[in-house]
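A quick write-up on the structure given underneath.
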Amino acid sequence: MLLNDIELYDDPRQGKDLWLFPDEVPVADDLATKLHALAGAETLGEWGHAIIGHPIWPSICADAQMLLGLIHRNGQGAVRKVR
140 MLLNDIELYD DPRQGKDLWL FPDEVPVADD LATKLHALAG AETLGEWGHA
190 IIGHPIWPSI CADAQMLLGL IHRNGQGAVR KVR
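What follows is the structure in structure tokens.
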């Protein structure tokens with residue numbers, strides 16, 4: 140959901156001041172950095188398996204849970220008057 144719905148994988152900062160609140164941006168950036176580093180190291184296209192099997196996976200899960208918590212707390216969209 141995080142990767143597709145907020146397009147985290149492509150550019151984690153594209154939602155800054157739009158659908159990502161200021162406290163969400165550093166968490167999204169950290170999560171995307173970790174995912175990019177691991178996915179980029181996988182040359183056979185099996186990045187899903189490489190990420191889940193990597194020792195940093197618990198940290199990725201923790202970042203994702205933190206980001207989801209912030210999104211739930213902050214609501215939808217950082218732009219004013221977005222409901």
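Numbering (our numbering), first residue to last: 140 to 222. For glycine and all other residues, C-beta sits at the position ideal for the given N, C-alpha and C.
Environment of residue i [buried if 16+ CB atoms lie within 10 Å]
| i | result |
| --- | --- |
| I210 | buried |
| D202 | buried |
Proximity of residue i and residue j at Cβ, strictly below 8 Å
| i | j | result |
| --- | --- | --- |
| L177 | H188 | no |
| L206 | A171 | no |
| L174 | I199 | yes |
Collapsed DSSP secondary structure at residue i in the structure displayed
| i | result |
| --- | --- |
| R222 | Residue placement at R222 cannot be trusted, given a pLDDT of 49 that sits under 50; what the coordinates show is reported in the next sentence. Reduced to three states, the DSSP call for R222 is coil. |
Cutoff 8 Å: residue i Cβ touching any chain D Cβ
| i | result |
| --- | --- |
| D169 | In the structure shown, chain D cannot be found, because there is only a single protein chain. |
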